[in-house]
Amino acid sequence: MTRGKWLAALCLVPFAIFFIVFQIAPLLWVLVNSLESEEFGWGLANFSKIFSSKFYLQAIQHSLEISFWSSVFGIVIAVLGSYSLRRVDSRLRNFVNAFANMTSNFAGVPLAFAFIILLGFNGSITIMLKQAGIIEDFNLYSKTGLIILYTYFQIPLGVLLLYPAFDALREDWRESAELLGASGWQFWRHIGLPVLTPALLGTFVILLANALGAYATVYALTTGNFNVLPIRIAAMVSGDISLDPNLASALAVVLVALMTLVTIVHQLLLKRSYHVSR
1 MTRGKWLAAL CLVPFAIFFI VFQIAPLLWV LVNSLESEEF GWGLANFSKI
51 FSSKFYLQAI QHSLEISFWS SVFGIVIAVL GSYSLRRVDS RLRNFVNAFA
101 NMTSNFAGVP LAFAFIILLG FNGSITIMLK QAGIIEDFNL YSKTGLIILY
151 TYFQIPLGVL LLYPAFDALR EDWRESAELL GASGWQFWRH IGLPVLTPAL
201 LGTFVILLAN ALGAYATVYA LTTGNFNVLP IRIAAMVSGD ISLDPNLASA
251 LAVVLVALMT LVTIVHQLLL KRSYHVSR
């Protein structure tokens, strides 16, 4: 037993080193640098500048709005898609799962180019919708356009995460509920959704983090002209005019704090879920 424990601990050493070097150390470096200002020295000057500037507050607002709505739309579509796949017993299910796995990695410049071709000012779908009189104008490079773009790459990830969760729903539960006179809505309200709550909350947090940290796609689409947190952080680290790595570190800390807050809320809600309470 003792030898097995030591062997297991030894196997964890590479993971621990990797975690410390690539997770803990960069986070501590960002935190320390966020407290240093070239103008005021050590202190909270960078954070004061962020929360007193309408420009940076707008970046935070845009990031939260785009991430929230794309996660909501993405998880709703993913729930419907995952449940439908569970009800289909054919090769189509394997094909859709493989396609979702492939498209979940389709991001960055190729995704931005594809959306420009389809939904840009002169995109094929945009022109067809205008000719049909469905829309008068559509701006892919606006907040609404980015929400649609983000939702696209949220859906495959949501399907991959939620598809296994439906294994927790047993068919005999539905049959028993129907025998007792429960409707479909009552089954989902009292049995289905409580069972799926942990998976839904966990998936929503992952989608939110995925959207908050997205950079390559929005940069390739807007060439850095849309005000979101990842764009501002990158501009201050690699920009020629507004180079300020300390302020970029402070913005990164704000981004981490937002995700920490979301995770804490997720854990509080998870404690009231079906599996934890049982």
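Start counting the sequence shown at 1; every next residue gets the next number (the UniProt record's numbering).
Glycine is no exception: its CB is placed at the ideal position from the N, C-alpha and C atoms.
Query raised in the report: So which of L27, I148 and F121 has the shortest CA-CA distance to F73?
Result: Here the question's residue 73 lines up with position 73 in the sequence shown. It is I148 whose Cα lies nearest to the Cα of F73.
Query raised in the report: Looking only at its own chain, which residues have a Cβ that is under 6 Å from the Cβ of Y215, when we skip the five neighbours before and after it?
Result: Taking the first residue of the sequence shown as 1, we reach residue 215 at position 215. The answer, listed in chain order, is P230.
Report task. Would you tell me roughly how many angstroms separate the C-alpha atoms of Y56 and I50, rounded to the nearest one? Result -> Position 56 of the sequence shown, counted from the start, is the residue given in the question as residue 56. Position 50 of the sequence shown, counted from the start, is the residue given in the question as residue 50. Straight-line Cα distance between these residues: approximately 6 Å.
**Report entry** Separation of Q267 from V13, as counted between CA atoms
**Finding:** Counted from its first residue, the sequence shown places residue 13 at position 13. Counted from its first residue, the sequence shown places residue 267 at position 267. In this structure, the straight-line span from the alpha carbon of V13 to that of Q267 is close to 28 Å.
Query raised in the report: Anyone know if the C-beta pair for F47 and V262 falls short of 9 Å?
Result: Here residue 47 refers to the residue found at position 47 of the sequence shown. Here residue 262 refers to the residue found at position 262 of the sequence shown. In this structure, F47 lies away from V262, with their beta-carbon atoms at least 9 Å apart.
Requested in this report: For S277, name the three-state secondary structure that DSSP assigns.
Outcome: For the purposes of this step, residue 277 is identified with residue 277 of the sequence shown, where counting begins at 1. In this prediction, S277 scores a pLDDT of 44, lower than 50, which makes its location untrustworthy; no coordinate-derived value is stated.
Requested in this report: In angstroms with no decimal places, state the Cα-to-Cα distance between M102 and I264.
Outcome: For the purposes of this step, residue 102 is taken as the residue at position 102 of the sequence shown. For the purposes of this step, residue 264 is taken as the residue at position 264 of the sequence shown. Their backbone Cα atoms lie some 31 Å apart in a straight line.
Requested in this report: Give the DSSP-derived three-state secondary structure of G41 in the structure shown.
Outcome: Residue numbering aside, residue 41 sits at position 41 when the sequence shown is read from its first letter. In this structure, G41 counts as strand in the three-state DSSP scheme.
Requested in this report: Report, in whole angstroms, the separation of the C-beta atoms of L118 and I125, which I expect to be a contact under 8 Å.
Outcome: The residue given as residue 118 occupies position 118 in the sequence shown. The residue given as residue 125 occupies position 125 in the sequence shown. Indeed they touch by this definition, with Cβ atoms about 5 Å apart.
Requested in this report: Report yes or no: do the region 75-87 and the region 164-178 share at least 3 C-beta pairs separated by less than 8 Å?
Outcome: yes
Query raised in the report: residue 313 to Q154, Cα distance in whole Å?
Result: Because the chain spans 1 through 278 in this model, residue 313 falls outside it and cannot be assessed.
Query raised in the report: Any idea if S142 is buried or exposed, counting beta-carbon neighbours within 10 angstroms, 16 or more meaning buried?
Result: As a working note, residue 142 is residue 142 in the sequence shown. The residue is exposed, with fewer than 16 neighbouring Cβ atoms inside 10 Å.
**Report entry** As assigned by DSSP and simplified to three states, the class of E36
**Finding:** The residue you call residue 36 lines up with position 36 of the sequence shown. It is a strand residue.
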